[in-house]
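In terms of this note's numbering, the sequence shown opens at residue 604 and continues consecutively. What follows is a set of notes on a single structure, which appears directly below.
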Amino acid sequence: MSKRVAVVTGGIGGLGTAICKALAQAGRTVVAVDLGDRAERTAAFRQEVEGHDIHFAAADVADHAACGELVRGIEARHGTLDILVNNAGITRDSTLRKMDRGQWDEVLDVNLGSAFNLCAHALEGMQARGFGRVVNISSVSGQTGNFGQANYAAAKAGLHGLTMSMAREVAAKGITVNSISPGYIETPMTAAMPAEVLSRITASIPARRMGQPDDIARAVVFLTDDAASYVTGANLAVNGGLFMSF
Ligand SMILES: NC(=O)c1ccc[n+]([C@@H]2O[C@H](COP(=O)([O-])OP(=O)(O)OC[C@H]3O[C@@H](n4cnc5c(N)ncnc54)[C@H](O)[C@@H]3O)[C@@H](O)[C@H]2O)c1
């Protein structure tokens, strides 16, 4: 069997880089998808992953038509698209009273719309081949809500609705669809938060530490394994015990 091909959106970001490396180490051909205007970060990413079977493709995943071109291009170049990790995400935090329509739309388009855009185009090939693994990177904020994050929490909760619905639609075709809800992970996204907020949050985490990108990458490797064929429509919380539910 030829190598499975994995696409990781937001692939050059904090979690994305760790996910790309872990999937490559698990024997996948990996395509990291990210915005094309991140020249310095893209160059650093290429350097960091040198020697791994990891490629880079520029695309705005909030753009439906661009996602179609991206999927067709990857299938033409690499033969298949077997594993899709919808990881691209942004925050535009503000209390609802001060949030403008642009902040709402941007966060919904990138964090939730992108998963629809990619899945809509990638599913056809997965169904035809009878195999697929989709992982949507959600957030603990989508499970609990978060002050100043109505847009982000709505998008992340929406991702799990998409996960469960899609999982039902494609389970009989050999495709699994799951979400991962990270807690607070050390990446550029959380580095932008005020230090006192971070230390208050860390004190409230039962594990008493922030997560590392590898904590999430290991969960992605598990859910995208060929053998994980009976786990679908699930949400895997990776949060150090910050929020527990069943
Ligand atoms: N870091 C955390 O604590 C944490 C917690 C819960 C969930 N998450 C989620 O994990 C994912 C990764 O977060 P991160 O911490 O690595 O953030 P990050 O900012 O380091 O990475 C996000 C990446 O997405 C890319 N991106 C943004 N808009 C895009 C677009 N339109 N098209 C293509 N790429 C785009 C960015 O360029 C960036 O490389 C996000 O979905 C985030 O919401 C992160």
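Backbone N, C-alpha and C fix where the C-beta goes; we use that ideal spot for every residue, glycine too.
Residue i Cβ short of 7 Å to ligand 1 heavy atom set
| i | result |
| --- | --- |
| D685 | no |
| R811 | no |
| I740 | yes |
| R675 | no |
| T827 | no |
| G748 | no |
| Y787 | yes |
| V823 | no |
| L858 | Missing from the structure shown is residue 858; the chain here goes from 604 to 849 and no further. |
| R641 | yes |
| T779 | no |
| N714 | yes |
| G671 | no |
| L839 | no |
| D637 | yes |
| T766 | no |
| I808 | no |
| I657 | no |
| D663 | yes |
| I804 | no |
| G619 | yes |
| P791 | yes |
Residue closest to residue i, alpha-carbon to alpha-carbon, out of the options
| i | options | result |
| --- | --- | --- |
| A820 | K624, K606, A810, M702 | K624 |
| K701 | Y833, F846, G751 | G751 |
| H763 | L618, A775, P785, G777 | P785 |
| D685 | F734, H667, S832, C670 | F734 |
| H681 | A837, T779, G844, V610 | V610 |
| V780 | D829, D817, P797, P816 | D829 |
| M729 | R771, G777, G748 | G777 |
| L638 | G692, Y787, R675 | G692 |
| P791 | N689, R644, A661, A757 | R644 |
| R745 | G814, S802, D703, V710 | According to the sequence shown, residue 745 is Gly rather than Arg. With distances taken between Cα atoms, G745 lies closest to V710. |
| I677 | D817, H724, A665 | H724 |
| I622 | T683, E651, A669, A774 | E651 |
| L715 | N754, R732, D696, T698 | N754 |
| M604 | T683, A731, C670, A806 | T683 |
| H655 | R704, A627, G616, V824 | A627 |
| V636 | E727, C670, K606 | C670 |
| S782 | A758, V800, A794, R803 | A758 |
Rounded Cβ spacing between residue i and residue j (contact assumed at less than 8 Å)
| i | j | result |
| --- | --- | --- |
| L845 | V737 | The pair is not a contact, with the Cβ atoms about 25 Å apart (cut-off 8 Å). |
| C722 | L673 | Their Cβ separation, rounded to whole angstroms, is 13 Å, which puts C722 and L673 out of contact at 8 Å. |
| N720 | H658 | No, N720 and H658 are not in contact; Cβ-Cβ is about 20 Å, not under 8 Å. |
| A770 | T835 | 4 Å |
| N690 | G630 | Actually they do not touch by this definition, with Cβ atoms about 20 Å apart. |
| M767 | I788 | Actually they are not in contact, since the Cβ atoms of M767 and I788 sit about 23 Å apart, beyond 8 Å. |
| V634 | S717 | At roughly 15 Å, the Cβ-Cβ gap does not stay under 8 Å, so V634 and S717 are not in contact. |
| D817 | V841 | Not a contact, Cβ separation roughly 11 Å. |
| G843 | P809 | 6 Å |
Which residue spans inside the segment 731 to 776 form an unbroken beta strand (DSSP E) run of at least 3?
735 to 740
Quick one: complete beta strand (DSSP E) runs, 3+ long, within the segment 642 to 681?
657 to 661
Write down every uninterrupted run of the beta strand (DSSP E) in the segment 785 to 846 whose length is 3 residues or greater and which is fully enclosed by it, in chain order.
838 to 841
Beta strand (DSSP E) segments (min. 3 residues) lying fully within the segment 606 to 635:
608 to 612
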